[in-house]
Every structure is written in C-alpha cells, then in structure tokens.
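Under the numbering used here, think of the first position of the sequence shown as 3, with each following residue one higher.
For every residue, glycine included, the Cβ atom is placed at its ideal position computed from N, Cα and C.
Keep in mind that this is a model prediction, so the values were computed, not measured.
The structure under discussion appears below in the form of structure tokens.
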Amino acid sequence: MAQEYRIVLANAGKIDPASLDDYLNAGGYKSLEKARAMAPKEVIELVRNSKLRGRGGAGFNAGMKWGFVPESAPVTYVVCNLDEGEPGTYKDRTIVENDPHLLLEGMAICAHAIRSKQGYIYCRGEYPYVVEHLNRAIAQAKQRGVLGDFDIEVRMGGGAYVCGEETALIESIEGHRGEPRFKPPFPGVAGLWGKPTVVNNVETFANLPAIIKNGAEWFASIGSPSYPGTKVFTLTGDVVNRRAFEVPTNTTIRELIFDLGGGIPNGKRFKAVQIGGTSGAFIPEHLLDTPLDFDSMRNAGVTLGTGAVFVMDETRDIVDVVTRIAKFFEHESCGKCNPCREGTFRSYELMKKINAGQATPDDVQKLTTLSKVMTKACLCGLGQAAPTPILTTLEHFRDDYQRRLLAAIS
Ligand SMILES: Cc1cc2nc3c(=O)[nH]c(=O)nc-3n(C[C@H](O)[C@H](O)[C@H](O)COP(=O)(O)O)c2cc1C
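This is the structure we're talking about:
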C-alpha cells in the first residue's frame, strides 16, 4: 500500500504558518546557516549531486541550472515561479499556505549559491491571500534579520497562463506584456533586466532546506534514481480523496489514485486520467502502473508537468472534455507566434465540429497534422504542449471520436 512521504509538506498542519517562531522551533533557517558556511560553489555541487530536478514541469537538474550563472556576474536574481496557472494544480499554493518560510529559506539558499541580493516571487493573480501569507513571512524574516542582505519582493501576475513560462514571467516582472522570449539566451545568462537569473518552481526551492540538512545522498536515495525525492500531486475529478499528496517519485499512478486517492466514487469504473495539467496526456488503464517520475512518464509518452491529476470515470465524455481544453488554449495563446495563435484557434474549431457530430475522418486527419506541426513549430511550451490532449486521446480513446464522426476513420 503506497504511502505519503513528506519533505516539502513536512510542517503542514504541525506549525502555525503565520509564526516565524514555530518555523524556527521546527529547525527552520538552520539549513540556510549551514549553506552560508559553505562556499557558493560547494552548495551548487551539493544540489547538483542530490539530482533534484525542477518541479515546475521541465525537470531540469536544479544545481546544473544554477551552475550556468557566471561566477563573475556583479548582479544576479533569484525568481520563484508561483504562477501556478495550470487548472487543477494547487500544490505550490498548498506549500506556501502551510509553510511560507520554507520557500523563503530555499530561495535564500539559492541566493547564496549564485551570490544574489534580490529575489522575486511571481504569484498568480488569483492568489491574493497567498500574497498576504508571503508578505507577512517576508516582513517577519526581515525584522529578525534571518535573510541577511538578501531581499525578496512579491509581484502579482494578471491571470495569463503564459506568464508561468519563465521568460514571459520575466517580461511580466519587468512591466512588459507577458510574452515568451526566444531562447537562447537562457535566463541563467540573461534573464531579469538582462542579468543572470535563476527561475525555479516553489516546490523546487522548498526541497532545498532538507537537502542541505540531510545531504545529497539522502535525497538521491528516495524514490526513482533518475528523478529522486518526492512530488506533490493534486487530485481532482472523479476520485474519493481530492487533495494534495506528497509521495516518493517511484509511486505508480495506480497507487496514487487507488491507494491514496481512495479510487473512483459511487461504484463507477475508471476511464482515464490526465496528468500534468491541461496540456497533459490522457492516460488509459493499461498505463496506470507507470511510476510517477519524469523519465518513466516520458517513456510512456507522458509529461509529468505540474503534478495535476484529473481523474475521469466511465461517464466522462472524452471528446467534450478535450473540446473544452482546446477552448482554454485558444483563449490563453498569447498570440506572439503564428503556429500557436492560428493553431490553437483552428484546433478548437475542429474539436467543436467533431464534438457537434458534424466532422468527417478528413477533419480528424487535419487535426492530427495540425497538432503534430504545433508540437514542433510553436515558440514556447504553451503551443508545443497544447495538442497533447488531442493527440493522446486520438491514440488511446479513438472509439470516442469514431462515435461522433459522420463516417468511419480509416
Ligand atoms: C505555458 C507555460 C506555463 C508554465 N507555467 C508554470 C507555472 O505555473 N509554474 C512553474 O513553476 N513553471 C511553469 N512553467 C515552466 C517554466 O517555464 C520553468 O520551466 C520553471 O519555472 C522552471 O522551474 P523548475 O526548474 O524549478 O521547474 C510553464 C511553462 C510553460 C511553457
């Protein structure tokens, strides 16, 4: 029977998130002290050896990313991605609501490693109460002097999904329209105001105090070897326990949904699960024994994404769900690049036609070709991943499409 294993949610429900004393009594800010006694290079090496990989979607080795920041750079920035715009994801909010100082400590450890004096937390516009938690914690930390000369400011987004993409986020902090930049240069070399910048997800930063305290080997030994540690998943949809679970990364999808999530309610049968958020793959029953680590998921054609887990029972209409998702992307495309601006529009048009029972197999062929082009031609991950629900449901739930069409798919 799979069980939770808590690193980033270790204090959740145990300490008062509004109390710095509670955090300090639980051993808080000791890891920062320990990191500050080390050379910046040593901290980067330790984090690299822990094999901590980004928890915001792309799964890049955190220590390696920090290592791209030139040692000689006079000004560097630490940016925390708390945009969490992916529908069905609430893991970052859960971490910050329960333990805001854990995030601040993680950011300060990174700041020491890249010699940064200034950090920013980019918070989703729909989370005003989270900003309150953060501002209170920052004020407490400053008053007690625990952050030293590292300062942190919170910036709020305006509700655009694309602003979770790291370069669009940087544009938005700079006060510009949130549109992704061409890469390279990557933020580690030229990020915020052109200066070397580390952008990490909340959960990535929140793992750092435990890694510094317990060592790289300890972390690397938990869960799956190539993507070690834990991952917070948020369960939604047709599942008994709809909440956040932190589990070792070798936990399988089936264990998460059936052992921890309590299975499908009301005696219904499982039909599909979408992992990773709106741009995630739809997974059928035969893939449920895949471990929830980045590489196992990728080998199964799935991206781990943000950790959103949307469970669907046998009564869900897959084509209708995917049509709604296509509408979401048509709305959220920032319009900077043509393949995404036009592609998301046409995908939604074709999905509406299929959903209305007015499409032919030729329309499905057009949708497939368009989707494949978008995965290659779009500028950023929004357009590249938007077709994933379409392509994976066409692969695994083809009968659901067939039933809607005017003629048989060849
Ligand atoms: C459209 C889009 C939205 C994204 N939204 C988020 C988000 O809400 N939070 C997040 O941490 N990363 C998000 N990302 C990934 C970021 O670009 C970036 O990879 C991440 O913040 C890096 O942090 P990590 O290495 O700690 O995962 C998004 C990417 C794309 C393409």
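Would you kindly work out how many angstroms separate the C-alpha atoms of residue i and residue j, rounded to a whole number?
| i | j | result |
| --- | --- | --- |
| R244 | V313 | 10 Å |
| I154 | V249 | 30 Å |
| C339 | P391 | 21 Å |
| T394 | D319 | 15 Å |
| Q404 | L369 | 14 Å |
| T325 | Y350 | 7 Å |
| E291 | E316 | Glu is not the amino acid found at residue 291; the sequence shown has Asp there. Answer to the nearest angstrom: the Cα atoms are 19 Å apart. |
| M40 | P211 | 14 Å |
| V148 | M109 | 12 Å |
| S335 | G193 | 22 Å |
| V242 | A170 | 36 Å |
| E205 | L408 | 47 Å |
| G385 | H333 | 12 Å |
| A416 | F347 | With the chain running from 3 to 412 in the structure shown, residue 416 is simply not present. |
| G90 | E257 | 19 Å |
| L54 | A222 | 8 Å |
| L306 | I213 | 22 Å |
| L237 | D322 | 21 Å |
| T96 | V10 | 10 Å |
| T78 | P189 | 10 Å |
| S21 | I175 | 29 Å |
| G166 | P19 | 25 Å |
| D151 | K119 | 6 Å |
| V156 | P102 | 12 Å |
At a cut-off of 6 Å, is residue i close to ligand 1 when judged by its beta-carbon and the heavy atoms of the ligand?
| i | result |
| --- | --- |
| G58 | yes |
| D295 | no |
| N63 | no |
| T346 | no |
| L384 | yes |
| N203 | yes |
| T206 | yes |
| G159 | no |
| V164 | yes |
| E219 | no |
| N209 | no |
| E168 | yes |
| E86 | yes |
| N83 | yes |
Which of the three DSSP states is assigned to residue i in this structure?
| i | result |
| --- | --- |
| S27 | What sits at residue 27 in the sequence shown is Asn, not Ser. Helix. |
| P230 | strand |
| M376 | helix |
| K185 | coil |
| I154 | strand |
| V191 | coil |
| N203 | strand |
| M299 | helix |
| A139 | helix |
| V49 | helix |
| F312 | strand |
| P293 | strand |
| R400 | helix |
| E332 | helix |
| P198 | coil |
| C382 | coil |
| I411 | coil |
| Q5 | coil |
| D322 | helix |
| E168 | helix |
| P363 | helix |
| L393 | helix |
| I327 | helix |
| S21 | coil |
So is residue i in contact with chain D if we call contact Cβ pairs under 7 Å?
| i | result |
| --- | --- |
| G127 | Structure shown: chain D not included; a single protein chain is present. |
4-residue-minimum alpha helix (DSSP H) runs that sit fully inside the region 51–130, ordered along the chain: 64–69, 93–100 and 102–116
Alpha helix (DSSP H) segments (min. 4 residues) lying fully within the region 335–361: 340–357
Ordered list of alpha helix (DSSP H) runs contained in the region 207–289, each at least 4 residues: 218–222
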